[in-house]
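Numbering (this note's numbering), first residue to last: 161 to 470.
The structure appears right after this line, and notes come after that.
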Amino acid sequence: MFEVKRIGAAILDFVTDPLGTRSINRKLSEIEKKLFWIDYFSNGGRAVYVGNNRVLVKCIIAGAQVAYYVEADDRLLAPWFIVSGAYETELTSFFVSSLKPDSHCLDVGSNFGYFTCLMGRFCPTGKIIGIEPDLHVMQLARDNVHINGFHGTSEVILAAASDRDGQISLHRRKTRSGNTSITKASPEFLETLGETEGEEFSVKAIRIDSLLEKMNGRVDFIKIDVEGAEPLAMRGAEQTIALNPQLQIVMEWSPGQIKGAGFDVRKFLADLERQGLVCAQLTASGPQPISFADLEHLPYAAGVLLHRKS
């Protein structure tokens, strides 16, 4: 009986689809899915330990290869980046689709230089400056610029963005250097993560406005990720914002960190609005407008887009 049904089904398939199009389409769909996953995993992280606490990672961004050194003992950014070769995908997509070959960019809080090098790759005739206060990871970012051959257009400087030029004290987390901050993590918090006490250090502080001359007065994009010190960085960028109506700023939004650093979140948002800025949240489907009133209640976003009102 089963054999009769099978033959009947085959005859019906032949009569209704004599060329076997449905079967071919099904198989092509299966092949397409397999190719997607082969491409996904083969284009992800290819990593090798190269000594001196460094892992060399291959990253493919919109079809372009970029090589990165990261800290081998980092517990914050490196593990998933090493495994997948992916990092902050919504922000990455925004920059890939928005950067122009001659864009002038600042990467404030460069860390190991992911966005500094992304900008270097997609802005071959532009100008890029990364700003990183932690010497350990600043050296990674600097070396990443050089191993990719971006040093003709890109550089990384050892400094912290602030509202005035001078010196500033920061606190480094030993196994999470991406969380270097103006605030000190409590012993209780560190204990929950199995971390020992961090290190306090002093570093040069600069205003973003102080870099205008090096940027020839033009800044098209700024990425800011400074672990709660965003109000200081933005205060130091008022002239840059005023002189560059085309400027787009991508800023991490972490009100908990901003409060923890001693700033009033509502006042900070009022300052941004006073500068004539409007906001959008960066999502997988692109920038989505959001009011500052609603942003105040958003607990976290890897990136919000700030730009002048049209």
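Think of the CB as a built atom: it goes at the ideal place given N, C-alpha and C, for glycine as much as any other residue.
All figures in this text were calculated on a predicted structure; none of them were measured in a lab.
With a threshold of 7 Å on Cβ separation, who are the neighbours of residue i within its own chain once the five nearest residues in sequence on each side are excluded?
{"i": "Asp-323", "result": "Arg-367, Leu-392, Arg-395 and Gly-396"}
{"i": "Pro-261", "result": "Cys-283, Pro-284, Thr-285 and Gly-286"}
{"i": "Tyr-274", "result": "Tyr-228 and Tyr-247"}
Could you check what DSSP says for residue i in three-state terms: helix, strand or coil?
{"i": "His-311", "result": "coil"}
{"i": "Cys-439", "result": "strand"}
{"i": "Met-411", "result": "strand"}
{"i": "Ser-341", "result": "strand"}
{"i": "Lys-187", "result": "helix"}
{"i": "Tyr-460", "result": "coil"}
{"i": "Lys-334", "result": "coil"}
{"i": "Leu-465", "result": "strand"}
{"i": "Ile-401", "result": "helix"}
{"i": "Ser-258", "result": "helix"}
{"i": "Gln-448", "result": "strand"}
Whose C-beta lies closer than 8 Å to the C-beta of residue i among residues of the same chain, with five residues either side of it excluded?
{"i": "Ala-472", "result": "Shown here, the chain extends from 161 to 470; a query on residue 472 therefore has no answer."}
{"i": "Lys-469", "result": "Gly-436, Leu-437 and Val-438"}
{"i": "Met-154", "result": "The requested residue 154 does not occur in the structure, where the chain is confined to residues 161 to 470."}
Use the C-beta contact count for residue i: other C-beta atoms within 10 angstroms, 16 or more gives buried, fewer gives exposed.
{"i": "Tyr-229", "result": "buried"}
{"i": "Val-208", "result": "exposed"}
{"i": "Trp-413", "result": "buried"}
{"i": "Leu-295", "result": "exposed"}
{"i": "Phe-255", "result": "buried"}
{"i": "Glu-373", "result": "exposed"}
{"i": "Leu-259", "result": "buried"}
Spatial neighbours of residue i within its chain, please: C-beta separation below 6 Å, excluding the five flanking residues on both sides.
{"i": "Pro-449", "result": "Ala-440"}
{"i": "Ala-224", "result": "Arg-281"}
{"i": "Leu-236", "result": "Arg-336 and Gly-338"}
In chain order, which beta strand (DSSP E) runs of at least 3 residues are fully inside the stretch 214–252? 214–221 and 224–231
Should the stretch 251–268 be called in touch with the stretch 378–388, which here means at least 3 C-beta pairs below 8 Å? yes
Closer than 8 Å is the cut-off here; do at least three beta carbon pairs connect the stretch 416–426 with the stretch 350–362? no
Runs of 3 residues minimum, wholly inside the stretch 344–397: which ones carry the beta strand (DSSP E) assignment? 359–366 and 381–384
Inter-stretch contact (C-beta, 8 Å, three-pair minimum) for the stretch 210–222 and the stretch 405–417: no
Ignoring anything shorter than 3 residues, give me the beta strand (DSSP E) runs that lie fully in the stretch 267–317, in order along the chain. 287–292
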